[in-house]
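Residue numbers (the numbering used here), protein chains in the order written: chain A, 1 to 216; chain B, 1 to 216. So the structure is just underneath, and the comments pick up after that.
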DNA sequence: CCACCTTTTGACCACGCGGTCAAAAGGTTG
DNA sequence: CAACCTTTTGACCGCGTGGTCAAAAGGTGG
């Protein structure tokens with residue numbers, strides 16, 4: 001009557017188990033940290049969400065702080081990636097539009113990452129100060145130079161590159177960080193694709209027209 | 001040798017004591033909550049910052065949550081105040097510029113308020129959901145209508161009023177919420193007045209030119 | 001000055017938290 | 001199968017936390 005091979009867990013190689021668990025934990029942690037912040041999140045909550053007992057989470061990540069740092073690391077990489085391919089050779093007409101599209105897509109696809117990053121900055125960046133001052137600053141300075149080059153070529157009017165970037169970041173990330181407020185004020189259960197598209201359209205318009213980039 | 005009237009605390013009326021203490025506590029709480037969030041803030045830390053023993057804080061505010069709600073209430077009033085005097089009669093040229101100026105000034109003068117508000121939204125607005133859905137939504141809808149009226153009068157080109165407001169909020173508040181990031185990337189110890197002015201100038205330019213508001 | 005109310009304060013408590021541990025279970029390798 | 005390593009798990013712990021309490025101190029009003 002009983003099946004010959006009892007339905008005990010399939011034999012899985014350790015490497016796979018390890019990878020799967022780490023992934024599950026990181027995923028659960030990202031969601032929890034985004035929802036309730038670092039202090040508001042308990043290791044037990046992460047463990048529950050990941051479907052593992054609490055000590056197992058501490059087995060893979062030595063401490064709650066270690067886990068948080070691991071989460072932050074992935075987020076920062078994602079964050080800096082989008083800035084990469086702004087090039088002085090491209091025309092700001094396409095480059096800026098593409099950048100806005102990428103950043104808003106990121107807010108739509110990885111809202112938790114954006115929220116964690118925002119909360120970290122908000123509270124004084126106690127865990128990623130060094131990365132801000134190092135890699136991110138370098139990236140930022142490079143991008144500022146790209147915009148300066150565009151201005152020098154007459155491709156756009158002279159505006160502060162630094163504040164242009166600040167505004168771009170703020171406006172695009174708000175589609176993740178403040179999505180709740182948007183949802184409430186737009187009377188929606190969830191932001192829809194065309195909400196993000198409207199954001200892209202408006203912001204592109206403001207930036208291109210505002211910086212005097214000829215749309216041809 | 002000793003002075004005749006020993007330097008004991010001056011006799012102060014209870015009403016004054018009460019008001020002073022409540023103000024001190026609210027002030028200390030605002031700073032603490034902004035710095036470390038709701039969960040990350042301890043009542044003891046607030047009490048220390050206010051120069052009072054912990055049970056005294058709990059005497060004036062029944063609980064940590066009650067204190068947080070009191071802080072939030074003041075912040076929300078401040079937040080909605082700025083939206084008030086957008087009127088369909090005014091021309092967007094001045095109205096939008098003034099609004100941007102007000103909001104960025106607010107970020108400069110009350111950064112803690114902005115941070116607390118941002119963190120609250122970020123984490124799902126567990127304590128001010130009702131106010132968002134009520135008063136703020138009403139205010140928002142009114143303001144959207146004002147912008148629609150401007151468009152109908154031909155004073156600005158047709159853009160999404162909702163997303164215009166979202167962008168305005170995001171860009172202006174980021175001068176409080178992300179001031180740390182700005183400081184690091186601009187290599188400053190503190191944001192200076194001209195940093196805020198540059199933000200005002202850029203954002204005004206983007207919005208007015210971007211929305212086709214004639215600058216005359 | 002006295003009875004009364006408000007405020008202040010140190011001591012205290014229950015509880016939830018991050019983290020530990022040792023033993024069991026499961027995978028690996030010859 | 002046997003010796004060994006990695007992973008899993010329940011039980012446990014010390015500490016910091018929000019909150020309480022009762023007594024003392026201080027202000028108030030007749």
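Ideal Cβ positions, reconstructed from N, Cα and C, are used throughout, including at glycine.
Leaving aside the five residues before and after residue i along the sequence, list all residues of the same chain whose C-beta is less than 7 Å from its C-beta, in chain order.
| i | result |
| --- | --- |
| residue 8 (chain A) | Confidence at residue 8 (chain A) is low in this model, with a pLDDT of 39, below 50, so its placement is unreliable and no value can be given for it. |
| residue 215 (chain B) | 93 and 208 |
| residue 79 (chain A) | 117 |
| residue 27 (chain A) | none |
| residue 131 (chain B) | 76 |
| residue 110 (chain A) | 78 |
| residue 41 (chain A) | 32 and 33 |
| residue 161 (chain B) | 144, 147 and 148 |
| residue 120 (chain B) | 72, 127 and 128 |
| residue 277 (chain A) | Residue 277 (chain A) is absent from the structure shown; chain A starts at 1 and stops at 216. |
| residue 206 (chain B) | none |
| residue 64 (chain A) | 43 |
| residue 39 (chain A) | none |
| residue 135 (chain B) | 80 |
So, helix, strand or coil for residue i, using DSSP?
| i | result |
| --- | --- |
| residue 15 (chain A) | helix |
| residue 210 (chain A) | helix |
| residue 215 (chain B) | coil |
| residue 40 (chain A) | helix |
| residue 52 (chain B) | coil |
| residue 20 (chain A) | helix |
| residue 6 (chain A) | With a pLDDT of 37 at residue 6 (chain A), under the threshold of 50, the modelled position of that residue is not reliable, and the figure given next carries that caveat. Coil. |
| residue 1 (chain A) | In this prediction, residue 1 (chain A) has a pLDDT of 33, which is less than 50 and means its spatial position is unreliable; what the coordinates show is noted afterwards. Three-state result, residue 1 (chain A): coil. |
Residue i and residue j look like a contact to me (Cβ under 8 Å); what is the Cβ gap, rounded to whole Å?
| i | j | result |
| --- | --- | --- |
| residue 34 (chain A) | residue 116 (chain A) | 5 Å |
| residue 199 (chain A) | residue 91 (chain B) | Not confirmed; about 26 Å, so no contact. |
| residue 54 (chain A) | residue 44 (chain A) | 5 Å |
| residue 25 (chain A) | residue 46 (chain A) | 7 Å |
| residue 204 (chain A) | residue 97 (chain A) | 5 Å |
| residue 159 (chain A) | residue 202 (chain B) | 6 Å |
| residue 21 (chain A) | residue 52 (chain A) | 7 Å |
Within its chain, find whatever has a CB closer than 8 Å to the CB of residue i; leave out the 5 residues flanking it on each side and keep chain order.
| i | result |
| --- | --- |
| residue 196 (chain A) | 104, 105, 107, 108 and 175 |
Considering only residues of the same chain and omitting the five flanking positions on each side of residue i, which have a CB-CB separation below 6 Å?
| i | result |
| --- | --- |
| residue 102 (chain B) | 82 |
| residue 50 (chain A) | 24, 25 and 28 |
| residue 95 (chain A) | 86 |
| residue 74 (chain A) | none |
| residue 19 (chain A) | none |
At a threshold of 8 Å, does residue i count as lining the ligand HEM (C-beta to nearest heavy atom)?
| i | result |
| --- | --- |
| residue 83 (chain A) | The model depicted lacks the ligand HEM and carries no ligand whatsoever. |
Ordered list of beta strand (DSSP E) runs contained in the region 162–204 of chain B, each at least 3 residues:
Along the region 162–204 of chain B, the beta strand (DSSP E) does not occur as any fully enclosed run of 3 or more residues.
Taking 8 Å as the threshold, find out whether the region 118–125 of chain B comes into contact with the region 178–192 of chain A through three or more Cβ pairs.
Yes, they touch.
Ignoring anything shorter than 4 residues or poking outside the region 54–82 of chain B, list the alpha helix (DSSP H) runs there in chain order.
54–60 and 64–81, all fully within the region 54–82 of chain B.
Is it true that the region 131–144 of chain A meets the region 80–90 of chain A, where meeting means three or more beta-carbon pairs spaced less than 8 Å apart?
Yes, they touch.
Contact between the region 160–170 of chain A and the region 47–61 of chain A (3+ Cβ pairs under 8 Å):
In short, these stretches do not touch, since the Cβ pair count stays below three.
Could you tell me which whole alpha helix (DSSP H) segments of length 4 or greater appear in the region 79–161 of chain A?
Whole alpha helix (DSSP H) segments, 4+ residues: 92–109, 111–122 and 137–152.
Does the contact criterion of 3 or more C-beta pairs under 8 Å hold for the region 103–117 of chain A versus the region 27–42 of chain A?
Judged by Cβ distances under 8 Å, the region 103–117 of chain A makes contact with the region 27–42 of chain A, as three or more pairs qualify.
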